[in-house]
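In my numbering, the protein residues as written are 3 to 167.
Dropping the structure here:
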């Protein structure tokens with residue numbers, strides 16, 4: 003604590019995300035469109051009051067991707083970052099990432115285009131590891147190309163890995 007500087011509580015939202023992989027090792031990412039710029043991230047979102055992380059990611063996958071009856075794999079990554087939410091309710095997010103292996107499918111969100119836009123969702127895309135590594139796009143986590151390569155090479159970690167920002 004710094005003398006003369008008031009202590010401020012940081013409001014961190016709990017969130018759940020899925021690393022969705024198809025049999026070819028492609029990863030499904032969501033393009034989030036923010037005023038400061040776009041970012042590609044794994045599907046997922048906030049954990050509602052009374053929900054578990056597992057329930058939240060199943061709901062989010064249904065809403066954003068159209069993926070139902072998901073069999074969750076390991077809890078593989080954690081990430082905590084501080085950033086101002088546009089609605090002012092939160093100062094950051096603590097995320098749990100679950101591995102989801104699935105057959106090939108074309109995303110078909112359950113949400114309407116208007117509902118997706120309200121969640122800042124601007125699109126969905128399957129990426130190969132090579133496309134990720136060669137891209138100049140912004141990813142969250144920032145090290146996603148490296149993290150995906152390690153996951154495909156070594157399998158899930160024994161304990162959730164802190165993936166940084």
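Glycine residues also receive a C-beta, built at the ideal position from the N, C-alpha and C atoms.
Which of helix, strand or coil DSSP assigns to residue 59: helix
Let me know the secondary structure DSSP gives residue 167 once reduced to three states. In this structure, residue 167 counts as coil in the three-state DSSP scheme.
Looking at the secondary structure, which residues open and close the alpha helix (DSSP H) in which residue 81 lies? Run containing residue 81: none in the alpha helix (DSSP H); it sits in the beta strand (DSSP E), 77 to 84.
In terms of residues, what are the limits of the beta strand (DSSP E) holding residue 40? 39 to 43
Tell me whether residue 167 is buried or exposed, calling it buried when 16 or more other Cβ atoms sit within 10 Å of its Cβ. Residue 167 should be labelled exposed.
Within the 8 Å Cβ cut-off, does residue 12 reach chain C? The question asks about chain C, but that chain is absent: this structure has only one protein chain.
As a quick exercise: from 98, 139, 140 and 122, pick the residue whose alpha carbon is nearest that of residue 161. With distances taken between Cα atoms, residue 161 lies closest to 98.
Reduced DSSP category for residue 133 - H, G, I as helix; E, B as strand; rest coil: helix
Residue 107, buried or exposed, once every other Cβ within 10 Å from all chains shown has been counted against 16: Classification of residue 107: exposed, given that the 10 Å Cβ count is below 16.
Can you name the residues that DSSP bridges to residue 101? 21, per the DSSP bridge assignment.
Segment contact flag, the stretch 54 to 67 with the stretch 19 to 34, C-beta cutoff 8 Å, min 3 pairs: yes
Touch check for the stretch 69 to 78 and the stretch 152 to 161: three-plus C-beta pairs under 8 Å? yes
Residue 131 beta carbon less than 8 Å from that of residue 101: no
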